[in-house]
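Everything below concerns the one structure shown next.
Residue numbers (UniProt numbering): 1 to 192.
Here it is in structure tokens:
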């Protein structure tokens, strides 16, 4: 990352894993650490037919808490969201720096993603580092949104399955996400 002030890192932890906390804290002032009451202790209401999907409800709750913290408490105007099982490219932050203005200028966009779902070797042009596409599909896996979008979504944020909810055409309202020809993120071996 080129600048800690331009790209502050906030690590939001929802689980009670002390080993995770120790790793995050070991970075000292390089990261801001926030800890929520774990989803296991938060008494989350999960519909009976979804009991086997409890993790999806915990994840949706965690996203809402983390995004509310970034936008409401910290006052940021945009956020780049990653998860602990993503590897990022060397130009990950520069990619978002170069595309950030698009979200402000173009009301037909609702996110910028670093992930190309079709970005497998043999399916992309490996020399097209600056090629971008508009997509009707919400790719996730390293993505940026604005506080304006959070203002719209936070009051109606779902209790579970947040990523499928983001892909719903009723939510998207015809807006699109920018995605690259060459992915700037990939799943770690632990995330696959």
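Ideal placement from N, C-alpha and C gives every residue a C-beta, glycine not left out.
Check: Limits of the beta strand (DSSP E) - the one that residue 59 falls within; Outcome: No beta strand (DSSP E) contains residue 59, which is instead part of the alpha helix (DSSP H) from 54 to 68.
Check: Span separating the alpha-carbon of residue 205 from that of residue 81; Outcome: Since the first and last residues shown for the chain are 1 and 192, residue 205 lies out of range.
Check: Three-state secondary structure assigned by DSSP to residue 152; Outcome: helix
Check: Start-to-end residues for the beta strand (DSSP E) that takes in residue 33; Outcome: 31 to 35
Check: Residue 28 - DSSP class collapsed to helix/strand/coil; Outcome: helix
Check: Run of the beta strand (DSSP E) containing residue 99, from where it starts to where it stops; Outcome: From DSSP, residue 99 is part of no beta strand (DSSP E) but of the alpha helix (DSSP H) over 92 to 105.
Check: Residue closest to residue 59, alpha-carbon to alpha-carbon, out of 13, 107 and 176; Outcome: 13
Check: Cβ neighbour criterion (16 or more within 10 Å) applied to residue 77; Outcome: exposed
Check: Inter-stretch contact (C-beta, 8 Å, three-pair minimum) for the stretch 110 to 130 and the stretch 160 to 179; Outcome: yes
Check: DSSP bridge partner residues for residue 180 (one or two, in chain order); Outcome: 132
Check: Assigned exposure category for residue 118 - 16 Cβ within 10 Å defines buried; Outcome: exposed
Check: Per-residue DSSP class, three states only, for residue 125; Outcome: coil
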